[in-house]
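Novice: By the numbering used here, the letter at position 365 of the sequence shown is numbered 371, and the numbering carries on one by one without gaps. From the three backbone atoms N, C-alpha and C, an ideal C-beta is built for every residue, glycine too. Note that the structure is predicted; figures quoted are calculated from it, not measured. This structure is in structure tokens; I'll ask about it shortly.
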Amino acid sequence: MVVHALRMESTDVFVVGAGPTGLVLALWLVRQGVRVRIIDRAAQPGTTSRAIAVVPRTLELYRQVGLAQTVIERGLQLAAVNLWIRAEPVAHVKLGEMAKGVSPYPFMLMFPQDEHEKLLIEWLEREGVRVERSTTLVGVEDRAADAVVRLRDAHGDVSECQAAFVAGCDGARSTVRETLQIPFAGGTYAHLFYVADVDAKGPLVNGELHIALDDADFLGLFPLAEKGRVRLIGTVREDAVARRDALRWTDVSASVLERLHIDVERVNWFSTYHVHHRVAARFREGRVFLLGDAAHVHSPVGGQGMNTGIGDAVNLAWKLAAVLHRQASPALLDTYEPERIAFARKLVKTTDRVFQFVTSAGTIARQVRTRVAPHVLATLLERPYTRRWAFRTVSQTRIAYRSSHLSEGSAGKVHAGDRLPWVQGADGHDNFEPLSSLAWQVHVHGEVVTAFRAQLEALRLELHVFPWQESAERAGLARNAAYLVRPDGYVGWADAETRSEHLVQYLRERSLLPEVLAHP
């Protein structure tokens with residue numbers, strides 16, 4: 007083994023881990039003019055995966071970098087979700103009806119993680135960045151002015167790279183997190199689950215999502231874009247669990263499959279896994295950050311895991327870019343952890359409760375799961391408010407940062423920290439189009455007073471004025487109010503009276519646009 011003392015390379019952000027989280031982080035950074043280097047210990051991208059769902063909020067973020075349409079074309083739009091109890095239909099929910107007026111993407115998208123990663127790699131390579139494969143992180147040193155990572159390549163040679171910041175996106179067994187000795191509290195569920203990519207036939211292979219619960223079994227059927235191909239997630243028979251390393255498709259619990267008349271013709275691949283629920287004690291250590299599974303893991307309920315990691319990546323990317331370009335003080339980075347760790351903890355707690363309910367053993371638990379809860383759920387989903395709340399939760403459009411240091415003010419029903427409400431214009435355009443600039447910008451629905459417009463020009467802030475219409479009012483926006491929108495599409499500051507002095511004060515207190523404010 008040779009240490010190449012002269013191979014001290016440098017970059018702005020060093021990304022460890024080339025899963026969706028690391029790839030999205032790198033892509034957003036490159037699009038904002040940041041130098042990036044990304045490594046992964048694996049020799050090749052993964053060919054199997056459990057993550058499959060892409061939620062509307064992720065598609066909204068992808069739209070900002072021009073990626074959404076390509077993802078949609080390669081995936082399958084999920085129009086409906088079905089719940090089965092003891093092989094009997096209990097609920098049928100059309101997602102389009104639940105999402106009306108909420109998002110430009112009123113559906114869940116089925117797009118397997120392995121295919122997802124390949125697409126992200128393609129786009130990143132177009133930007134001139136290649137994933138360095140078979141490269142392992144040996145150590146990371148956080149220094150006052152920078153960070154230094156030590157790497158080992160496929161030949162066993164060690165080199166170093168100097169970076170302004172390091173992002174640990176290297177999964178649940180994160181070397182970055184372990185190196186920093188950050189606690190990863192939580193636990194592991196007792197049940198052993200399987201995931202299988204199969205070709206199948208039957209009435210449920212109809213392009214819709216099906217969740218089936220029995221007294222002892224659980225099954226999730228997720229449709230894929232290729233006709234007849236589905237992803238199955240279920241429980242392994244208890245008598246076979248002890249042989250985990252030697253398990254095959256014949257060891258799965260097949261009773262639900264048989265009762266639902268799902269005929270598996272071919273198993274493309276099959277694997278087993280335990281479900282974990284953990285959150286790192288902190289998401290940052292100086293110049294080093296944790297994202298995705300390196301920071302939080304939880305049950306697959308709602309398909310939230312991969313999407314949450316992507317949300318971490320976007321949240322951190324624009325903040326790193328702003329600091330590196332001196333458009334904000336380093337204090338801006340202090341907002342990453344409180345904004346994202348709060349959601350991670352809530353998500354783990356929520357999915358834990360649901361998962362425990364779905365998988366709990368015992369007579370009473372089974373009775374509640376198969377007799378009481380389904381009818382209560384079906385009744386609730388008949389109500390428009392409940393359906394809308396459910397969609398906003400699963401779609402991640404409800405995520406908000408109202409308590410963040412970056413959030414101040416409100417106008418109408420919209421508070422600073424909320425995701426910018428989506429408004430479809432009568433001309434076919436919408437208020438999300440300007441977000442592709444990845445820059446701070448002000449939105450006004452109605453009219454803008456001359457003095458406020460002049461102040462925005464002096465601050466070099468984009469101004470987008472939209473005609474007032476009923477759809478804006480339904481979305482909760484106030485007429486003629488000003489909404490300062492962050493690069494990730496969340497409202498930072500809101501004022502119904504468009505007071506320019508308040509906007510300047512907001513920017514000064516948070517050290518945003520310091521060079522502009524220093525030379526008005």
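Quick check on DSSP: helix, strand or coil for Met7?
Specialist: In this prediction, Met7 has a pLDDT of 45, which is less than 50 and means its spatial position is unreliable; what the coordinates show is noted afterwards. Three-state DSSP puts Met7 in coil, outside helix and strand.
Novice: Cα-Cα, which of Lys355, Glu345, Ala178, Thr392 is closest to Asp299?
Specialist: Ranking Lys355, Glu345, Ala178, Thr392 by Cα distance to Asp299 puts Ala178 first.
Novice: Does DSSP put Phe190 in a helix, in a strand, or in coil?
Specialist: Strand at Phe190.
Novice: Counting only the same chain and skipping the five closest in sequence on each side, list residues whose C-beta sits under 7 Å from that of Tyr342.
Specialist: Answer for Tyr342: Phe289, Arg290, Phe295, Asn321, Leu322, Lys325, listed in chain order.
Novice: Run through the DSSP bridge pairs and tell me what Arg139 is partnered with.
Specialist: DSSP lists no partner for Arg139.
Novice: Comparing alpha-carbon positions, which option in Val30, Ala151, Val61, Pro118 lies nearest Pro336?
Specialist: The shortest C-alpha separation from Pro336 is found at Ala151.
Novice: Quick check: the Cα distance between Leu330 and Gly423, rounded to an integer number of angstroms?
Specialist: Straight-line Cα distance between these residues: approximately 23 Å.
Novice: Between which two residues does the alpha helix (DSSP H) harbouring Thr241 extend?
Specialist: Unbroken run through Thr241 is the beta strand (DSSP E), 235-241; no alpha helix (DSSP H).
Novice: Going straight from the alpha carbon of Trp34 to that of Asp494, what length do you get?
Specialist: Cα to Cα, the separation comes out at about 10 Å.
Novice: Tell me which residues share the same chain as Gln75 and place their Cβ nearer than 7 Å to its Cβ, disregarding the 5 neighbours each side in the sequence.
Specialist: Excluding residues within five positions, none has a Cβ falling inside 7 Å.
Novice: Where Ala11 and Phe20 are concerned, what is the direct C-alpha to C-alpha distance, given to the nearest angstrom?
Specialist: The predicted position of Ala11 is uncertain, since its pLDDT is 49 and thus under 50; a value taken from the coordinates is nonetheless stated next. Whole-angstrom Cα-Cα distance: 19 Å.
Novice: CB-CB under 6 Å to Leu65, same chain, minus the five flanking residues each way: which ones, in chain order?
Specialist: Ala74, Tyr111, listed in sequence order.
Novice: From Phe276 to Leu227, what distance separates their C-alpha atoms?
Specialist: Roughly 14 Å separates the two Cα atoms.
Novice: Where in the segment 259-309 do unbroken runs of the alpha helix (DSSP H), each at least 4 residues long, occur, reported from the N-terminal end onward?
Specialist: Correct list: 261-265.
Novice: Start and end of the beta strand (DSSP E) containing Gln447?
Specialist: Gln447 -> beta strand (DSSP E) spans 447-451.
Novice: What separation, rounded to the nearest whole angstrom, lies between the Cα atoms of Glu123 and Thr278?
Specialist: Computed Cα separation, rounded: 21 Å.
Novice: Which word fits Glu133, buried or exposed, when buried means at least 16 other C-beta atoms lie within 10 angstroms of its C-beta?
Specialist: Its Cβ having fewer than 16 others within 10 Å, Glu133 is exposed.
Novice: Indicate the three-state DSSP secondary structure (helix, strand or coil) for Asp148 in the structure shown.
Specialist: Three-state DSSP puts Asp148 in a strand.
Novice: Using the beta-carbon count (16 or more within 10 Å), is Glu521 buried or exposed?
Specialist: Flag for Glu521 reads exposed.
Novice: If we call anything under 7 Å between Cβ atoms a contact, is Phe458 one with Thr504?
Specialist: Yes.
Novice: For Glu232, which three-state DSSP category applies?
Specialist: Three-state result, Glu232: coil.
Novice: Mark Thr403 as exposed unless 16 or more other C-beta atoms lie within 10 angstroms of its C-beta, in which case mark it buried.
Specialist: Label assigned to Thr403: buried.
Novice: When DSSP labels each residue in this structure, what does Trp474 get in the three-state scheme?
Specialist: It is coil, neither helix nor strand.
Novice: Taking all protein chains shown into account, decide if Thr256 is buried (16 or more other Cβ within 10 angstroms of its Cβ) or exposed.
Specialist: The residue in question, Thr256, is exposed, as its Cβ has fewer than 16 Cβ neighbours within 10 Å.
Novice: For Met14, which beta-bridge partners are listed by DSSP?
Specialist: Partner(s): Glu166.
Novice: Have a look at Asp467 and Leu513 and give me their C-alpha separation to the nearest angstrom.
Specialist: Inspection of the sequence shows that residue 467 is occupied by Leu rather than by Asp. The alpha-carbon atoms of Leu467 and Leu513 are separated by roughly 11 Å.
Novice: So, does the segment 172-192 touch the segment 263-277, judging by three or more C-beta pairs under 8 Å?
Specialist: Too few Cβ pairs lie closer than 8 Å, so no.
Novice: Using the three-state DSSP reduction, which class does Tyr512 fall into: helix, strand or coil?
Specialist: In this structure, Tyr512 counts as helix in the three-state DSSP scheme.
Novice: Bridge partners for Ile45 per DSSP, in chain order?
Specialist: Answer is Val22, Glu138, bridged to Ile45.
Novice: Output the distance between the C-alpha atoms of His470 and Ala85, rounded to the nearest integer angstrom.
Specialist: Whole-angstrom Cα-Cα distance: 33 Å.
Novice: Our contact map puts Arg139 next to Ala48 with C-beta atoms below 8 Å; I'd like the distance itself, whole angstroms only.
Specialist: So it is a contact: roughly 7 Å between Cβ atoms.
Novice: Anyone know if the C-beta pair for Ala484 and Gly431 falls short of 7 Å?
Specialist: Contact flag unset, no.
Novice: How is Ser416 classed by DSSP in three states: helix, strand or coil?
Specialist: Residue state, collapsed to three classes: strand.
Novice: Could you tell me the distance, in whole angstroms, from the CA atom of Ala445 to the CA atom of Pro390?
Specialist: If you take the alpha carbons of Ala445 and Pro390, they lie about 35 Å apart.
Novice: Starting from Val455 and walking both ways along the beta strand (DSSP E), at which residues does that stretch end?
Specialist: From DSSP, Val455 is part of no beta strand (DSSP E); its letter is neither H nor E.
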